[in-house]
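Take the sequence shown: its letters are residues -25 to -1, 1 to 186, numbered as in mature numbering (1 follows the signal peptide of the UniProt record, and there is no 0). Just so you know, even glycine gets a beta-carbon here, dropped at the ideal spot from N, CA and C. Right, one structure below, let's go through it.
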Amino acid sequence: MTAHSSPVRRAAALAATVTAAVLLAACGGGNDGGGNDGSSRHDGHGTTSAAPDGRGERNAADISFARGMIPHHRQAVDMAALAATRTGSAEVKKLAAEIKRAQGPEIRTLSGWLTAWGEKVPAGTGVGEHTGHSGSGMMTPGEMEKLEKSSGEAFDTAFLTMMVEHHEGAVEMARTERSDGVYGPAKDMAGDIVTSQSAEIARMNKLLGTG
């Protein structure tokens, strides 16, 4: 009896030691040393992020960008549509067609984002229906009426002058989205707007003789 008691006690002691080590690891293994228990992931700023690149998230700046750019683009398309029958310049007609071709699809994309986010899509599709969306280079109903009533060289000068201001507003809005937004596709679109409309501003200023 005595001859076997020492190995038995050693085996029991070893088992107890292993059990204690397992329990200790279970208690401390989920801690990263910084107080995080592993129950959630953070982006380093204390906010939960399901998509590290921001492509699945949106914030107030993204919503504001979409809401503001839709009526802004609609007015640009309205202005461009007038050029088909009022301009006396092939260059102005070509530019207007390019503006319509670029901004029409963007309106649909922006509207789709707002719908998917459960947000209201701004109303207004025609000339003079943009009241309440002033600022950022938007034309007033009076300015739109003046443009609609002009033709030939007078139209070209008014159209180019107004569209430069309009584009400058869009570029400003897009730069705000680039700096404040988090939704990847919106930031990408904003970058495209800055690039394309800045180039069109330079082109229009050249046609006006001021660039």
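Asked, Found
"DSSP-derived helix/strand/coil call for alanine 177", "helix"
"Cβ-based neighbour list, alanine 41, same chain, cut-off 6 Å, excluding 5 preceding and 5 following", "Leu85, Trp88, Leu89"
"Backbone secondary structure at proline 27 - three-state DSSP", "Note that proline 27 scores a pLDDT of 38, beneath 50, so its modelled location is shaky; the value from the coordinates is reported in the next line. Coil at proline 27, not helix or strand."
"Whether glutamate 152 touches alanine 165 by CB criterion (8 Å)", "yes"
"CB-CB length for proline 97 against proline 46, believed under 8 Å", "5 Å"
"Contact under 8 Å by Cβ, methionine 54 with leucine 135", "no"
"Endpoints, the alpha helix (DSSP H) within which glycine 93 is located", "Segment: none, glycine 93 is in no alpha helix (DSSP H) and carries neither H nor E."
"C-beta atoms of serine 111 and glycine 79 nearer than 8 Å", "no"
"Secondary structure of serine 111, DSSP reduced to three states", "coil"
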